[in-house]
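At the far end of the sequence shown sits residue 305, using the UniProt record's numbering, and the numbering has no gaps.
Heads up, the beta-carbon is just placed ideally off N, CA and C, and yes, glycines get one too.
Just below is one structure, and these are the notes that go with it.
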Amino acid sequence: MLNLERLRTLHAVSTTGSVRGAAEALHVTTSAVSQQLSRLEREVGQQLLERQGRGIQLTDVGGLLAEHAARLLQQVELIETDLADHRGAVAGSLSVAAFATAARGLLPPMLHTLRQRHPSLTVRLAELEPTEAIAELRHGAVDIAVVQDWPEEPLPVPEGISRVSLLEDVLDVALPVQHHFAGRDVVTLDELRDEDWVSWPDDEICHGWLENTLRRNGIEPRVKHTASEHSTQLAVVAAGSTVAIIPRLGRGRTPAGVRFVPLRPAPRRRVFALWRNSTTNRPAFQAALRALQDSARQCDTDTPA
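Here it is in C-alpha cells:
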C-alpha cells in the first residue's frame, strides 16, 4: 500500500522542482526527503526521478504518480475540512505566509484577534515572497498566502486557488531631508528622472515593478543600491545621494534624515489573500480569513505618514 506521507513528499518535489525545495516546504532535511523518495520507489517498483544536469526531473511514472498524489492530497484535505466542519470547532493548526510589510502591518493584529477569539487554534507565520508563498500554498505547506501585485503587473494565480482583496497600499517617494523636493507636498516621477535609486534585489517582484514603472514613464532606472529591508533602503536614502519608493503598509517610524513625499499619480499595489479551494469550508480557515480582513480594514494606507 502506498504511504500518504511519501506521496506528499513526491508532490512537494513536483511542485518545487527540487529535493531542496521540497525539504524547505515540508520543514525537513534533504536526506529525509531522499529517504522517503527511495522508499516510495521501492513500493512502486519503478524509478520516479532521474538526473538532468545538476538537477532532477520526474520520470514519466513519477509524473503520473505525482498527479495522482495531488488529487489524493486534495481529497484528504476535503475530508479533514468536512470533519472539522462537522465538529464546528475552530481548533488545530493553520499556516499563513506573507511578504515582509504585510507580515509587519497585517499579521500581528490578526494573530492577536485569533488568540483572543480562538485560543485552541495554533497559527504559524512564515515570511515569504509572493512566488514562494504561492508554491508552498499549492503543495499544502501553507494554508493562506498574503501576496501583492500591481494593476499593471498582475500576479498569476494557479488553478484551484481562490483569492480575495484585502486592501490597496499607496507608495511614496523617500527623499533625503536636504533634497530640493523634500519640502514639496507632492512630486511626479518625471521630476525624479535624474535621480539615483535604492531598490530591492533583482529577484524580488518589487524590483521589477520599480524598473518597469520608471520605464513606462520614460525614465531609464539608475539603481545604485539594492536591499530587501526597507530600513536598510531608508538608511541609504538618509545618507543623501539616492531616493526610494516605499509602501505605507508596515512602514513604521520615519527615520531621521528622510522625508516622505506623496507621488502624483500615486502608485498603488494590491494586497490580497490566496487559499486552496479545498480549504474554503474549514472553520479554522474561515476564522483566520475573517481576522485577516478585520486587520486589513483597520489599516489606513490612504493617509501619508
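Asked	Found
Buried versus exposed, by CB contacts within 10 Å (16 or more), residue 4	exposed
Beta-carbon gap between residue 274 and residue 98 smaller than 8 Å	no
With 16 other Cβ atoms within 10 Å as the buried cut-off, status of residue 205	buried
Coarse secondary structure for residue 47, derived from DSSP in three states	coil
Residue of 291, 303 and 278 minimising C-alpha distance to residue 76	278
Residue span of the beta strand (DSSP E) that contains residue 57, given as start and end	55-58
Residue(s) in a DSSP beta bridge with residue 263	187
Of the listed residues 37, 54, 52 and 53, nearest to residue 46 (C-alpha basis)	37
Pairwise C-alpha distance: residue 123 and residue 60	38 Å
The stretch 189-201 touching the stretch 223-230, judged by at least three CB pairs closer than 8 Å	yes
Residue 152 burial status per 10 Å Cβ neighbour count (16 or more: buried)	exposed
Own chain, CB closer than 6 Å to residue 233, minus 5 neighbours either side, in chain order	198, 227 and 244
Close-in-space but distant-in-sequence residues of the same chain around residue 284 (CB under 6 Å, 5 per side omitted)	90, 92, 94 and 121
Whole-angstrom distance between residue 103 and residue 247, CA atom to CA atom	13 Å
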